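Q:
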Ligand code: ATP
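Numbering (our numbering), first residue to last: 126 to 628.
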């Protein structure tokens with residue numbers, strides 16, 4: 126029987142086994158900044174590599190880019206980040222805690238959604254196989270009442286945001302009776318806007334140095350290189366440019382571990398299309414991106430789309446792929462149809478025409494853009510938290526299992542001599558030497574074999590190869606499978622191909 130872990134255990138496990146450490150820990154840490162340890166960096170690299178492969182290597186018409194983090198400051202004026210990359214913040218006077226006003230409202234909505242889920246679960250139990258969720262949610266009085274509350278809140282919230290009505294937002298929080306989770310009171314300050322970009326300076330003399338921003342997203346590096354890539358790569362529309370890299374946001378509320386960080390990594394792709402075809406491509410990328418997530422073997426009900434009702438002024442369609450994190454469904458990836466907004470704005474601000482000559486149509490136009498934008502750290506958290514579980518075995522004992530997709534696991538195989546003598550370590554090292562050319566291998570000879578298996582289970586290694594006294598006689602080893610714990614005898618000369626076929 127397997128149980129998914131609660132969130133504090135996920136965070137503790139990530140630290141204990143060298144996946145994720147708080148940054149600057151010996152100086153008491155730095156809020157919402159994290160370091161990836163010896164196993165974390167492997168898992169993160171594997172996820173990044175999987176994305177790169179799916180987006181760049183598997184597509185003829187998508188190429189990569191690695192643009193600098195520092196960019197000309199006017200870029201952020203053109204993109205709208207200087208004027209509008211704000212979050213509305215609110216403080217509770219009693220606890221002195223700061224919150225995002227929109228997140229307080231979203232959390233309130235999530236509680237009402239929970240009520241709907243509970244009603245559905247009760248009804249499903251009562252009606253058994255005859256339960257029709259669609260019919261139930263469209264007819265049950267309690268569910269309809271909850272849904273109406275959600276719709277009303279959404280409408281008021283969207284209205285306040287579109288008019289930048291910060292007093293209205295505060296009033297909504299008061300009317301909903303939202304209390305500070307720490308003090309339990311409604312003693313709220315006014316709502317204020319807070320720009321999320323980090324500013325720094327370039328130049329040796331303070332007075333004549335320029336204010337620069339640490340990029341809050343990687344996308345703008347792609348837009349400003351549109352012509353460079355299109356012309357030098359002789360790219361024909363439709364085509365995409367992808368890049369991965371660090372982004373920085375001075376998040377007001379940075380909790381929930383690596384879900385919301387101040388320094389994080391994004392994997393973004395901008396797909397340039399002919400105007401008028403963007404909604405077709407939007408649909409295409411929405412489906413293709415979900416398939417990538419599902420390719421890791423995580424059940425489909427852990428993912429859902431959240432289509433945006435209220436769109437940014439430049440977008441004509443937007444959706445989030447949400448994941449069921451241990452703290453509920455939250456955004457993992459955004460897919461946005463951004464029209465010609467970005468290229469047009471950069472044309473206007475730079476004075477350079479960012480257009481494409483379409484030989485089929487015989488005309489020039491500013492391409493429309495579909496963006497897919499995913500957080501690498503959030504994907505790490507999704508995969509890691511889903512993989513971690515506690516299992517009760519048939520003999521009543523328990524084990525902690527990190528059931529990572531084998532393709533992403535930091536180590537693919539551990540090589541373990543049963544005892545530290547009789548030539549077994551030497552034989553094991555020989556096997557390590559051959560496997561190492563093809564995959565990440567760990568050698569471990571310390572402690573009893575059972576404890577070594579548990580250690581590998583806890584770091585997600587899909588296979589353990591055990592060398593015992595018979596190995597020297599029959600040139601075969603025992604391969605133990607992480608998830609099933611089943612063991613199989615495999616000849617050494619077939620080991621490499623056996624493991625590769627299983628991976
Ligand atoms: P949120 O609403 O959670 O703040 P967002 O809508 O601002 O996210 P985008 O600007 O669309 O996010 O960024 C694209 C992706 O980058 C997100 O889906 C998320 O996976 C990731 N991301 C954004 N902000 C952070 C952060 N502070 N820490 C970690 N990942 C982030």
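Glycine included, C-beta positions come from ideal geometry on N, C-alpha and C. Given the structure is predicted, the values throughout are model-derived calculations rather than measurements.
Enumerate in chain order the residues of its own chain whose CB-to-CB distance from residue 225 is below 7 Å, with the five nearest sequence positions on each side excluded.
A: Counting only Cβ-Cβ distances below 7 Å, and skipping sequence neighbours, we find 212, 213, 214, 377, 378.
Q: Return the bridge partner residues of residue 568 from the DSSP annotation.
A: Per DSSP, 540.
Q: Tell me which residues share the same chain as residue 132 and place their Cβ nearer than 7 Å to its Cβ, disregarding the 5 neighbours each side in the sequence.
A: The answer, listed in chain order, is 451, 452.
Q: Do residue 142 and residue 164 have their CB atoms nearer than 8 Å?
A: Result yes, Cβ atoms of residue 142 and residue 164 sit closer than 8 Å.
Q: Determine the burial state of residue 544: buried for a count of at least 16 other Cβ atoms within 10 Å of its Cβ, exposed for fewer.
A: Exposed, because fewer than 16 other Cβ atoms sit within 10 Å of the Cβ of residue 544.
Q: Compute the Euclidean distance between the alpha carbons of residue 199 and residue 474, then round it to the nearest angstrom.
A: Roughly 7 Å separates the two Cα atoms.
Q: Within this structure, are the beta carbons of residue 415 and residue 446 separated by less than 8 Å?
A: Contact flag set, yes.
Q: Less than 8 Å separating the beta-carbons of residue 298 and residue 271?
A: Cβ distance not < 8 Å, so residue 298 and residue 271 don't count as in contact.
Q: Can you name, in chain order, every residue of its own chain whose Cβ lies under 6 Å from the Cβ of residue 139, other than the five neighbours on each side?
A: Here the set comprises 145.
Q: Terminal residues of the continuous alpha helix (DSSP H) containing residue 455?
A: Where residue 455 is concerned, there is no enclosing alpha helix (DSSP H), although the beta strand (DSSP E) it sits in stretches over 453 to 462.
Q: CA-CA distance, residue 621 and residue 534?
A: Their Cα atoms are separated by approximately 17 Å.
Q: Does the segment 169 to 177 come close enough to the segment 486 to 494 to have 3 or more Cβ pairs within less than 8 Å?
A: No: the two stretches stay apart, fewer than three of their Cβ pairs being nearer than 8 Å.
Q: Quick one: is the Cβ of residue 485 within less than 7 Å of any heavy atom of the ligand ATP?
A: No; taking the cut-off as 7 Å, the Cβ of residue 485 has no heavy atom of the ligand ATP nearer than that.
Q: So residue 385 packs on residue 157, CB below 8 Å; how close in whole Å?
A: That belief holds up - the Cβ atoms of residue 385 and residue 157 are roughly 7 Å apart, short of 8 Å.
Q: Considering just the uninterrupted stretch of the beta strand (DSSP E) at residue 211, what are its terminal residues?
A: Its beta strand (DSSP E) spans residues 211 to 216.
Q: Is residue 352 helix, strand or coil by DSSP?
A: Residue 352: helix per DSSP, three-state reduction.
Q: Closest to residue 219 by C-alpha separation, out of 304, 246, 159, would be which residue?
A: Checked all of 304, 246, 159; the closest Cα to residue 219 is 304.
Q: Pick out the complete beta strand (DSSP E) segments inside the segment 560 to 618, 3 residues or longer, and give them in chain order.
A: The segment 560 to 618 contains these whole beta strand (DSSP E) runs: 566 to 568, 588 to 592, 601 to 606, 612 to 616.
Q: How about residue 391: is its Cβ closer than 7 Å to a heavy atom in the ligand ATP?
A: Yes, the ligand ATP has a heavy atom inside 7 Å of this Cβ.
Q: If you drop the 5 nearest sequence neighbours on each side, which residues of the same chain put their C-beta closer than 8 Å to that of residue 586?
A: Cβ within range, chain order: 534, 535, 536, 537, 538, 539, 567, 607.
Q: When the distance is taken between beta carbons, is residue 495 closer than 8 Å to residue 410?
A: Yes, these two residues count as a Cβ contact at 8 Å.
Q: Mark residue 186 as exposed unless 16 or more other C-beta atoms lie within 10 angstroms of its C-beta, in which case mark it buried.
A: When all chains shown are included, residue 186 counts as exposed.
Q: Buried or exposed: residue 307, going by 16 or more other Cβ atoms within 10 Å of its Cβ?
A: Flag for residue 307 reads exposed.
Q: Give the secondary structure of residue 196 by DSSP, where H, G and I count as helix, E and B as strand, and everything else as coil.
A: Residue 196: coil per DSSP, three-state reduction.
Q: Taking DSSP as the reference, what is the three-state secondary structure of residue 139?
A: It is helical.
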